[in-house]
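Here the structure comes first, spelled out in structure tokens, and everything after it is commentary.
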Amino acid sequence: MDTANAFAEKIFLRSDNGAQLSFQGRMFAESTYFDEQTSSLTRIRLYLTDSGGHVYSIVSGAGAEKSRRFYEVRPGRETCRINDGVHDLTVPTDMLFASVFGLCGIDPARAEELRPSFEENLPLAAAE
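Read in the working numbering, the sequence shown has 129 at position 122, and its numbers run on one by one without any break.
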């Protein structure tokens, strides 16, 4: 039995930019953050795809308003490709963290606080 795919499922995501993404994979990590100043809740999920990619899903909301977006990330040795279903961006791999934080709308002041967690999880996700 292929244990790597044993927990894979069909995942379907929608983004507020009109894009939709469907893939076979599994959730690898999930984090939830509450911003007391704006009373908004943000949930970030990292999925591993059966094709070896990563997908970040970010859902934020406060009251009746909700924001949904996803980013397909394909890390390489020198560069990393990021796609939101509409736009494609290729950045040097060492710029990945700054790009992810910017795309997720994470306040730069919070980015340094969150970076160690992302740095810790990226090699684990890539090894899967």
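The C-beta atom is built at its ideal place from N, Cα and C for all residues, glycine as well.
From a predicted model like this one, the values you see are computed outputs, not experimental measurements.
Comparing the CB of S29 with every heavy atom of the ligand FMN, is any distance shorter than 7 Å?
Among the ligands in the structure shown, none appear at all, so the ligand FMN cannot be discussed.
Meets three-Cβ-pair contact criterion under 8 Å: the stretch 81–97 and the stretch 43–55
Contact between the stretch 81–97 and the stretch 43–55 is absent: fewer than 3 CB-CB pairs across the two stretches fall below 8 Å.
A69 and S38 look like a contact to me (Cβ under 8 Å); what is the Cβ gap, rounded to whole Å?
Contact between A69 and S38 does not hold, since the beta-carbon distance rounds to 18 Å and is not under 8 Å.
Classification of H61 by the beta-carbon crowding that lies within 10 angstroms, buried from 16 upward
Buried is the call here.
Between the alpha carbons of H94 and Y40, how many angstroms are there, rounded?
Taking the straight line from one Cα to the other gives about 26 Å.
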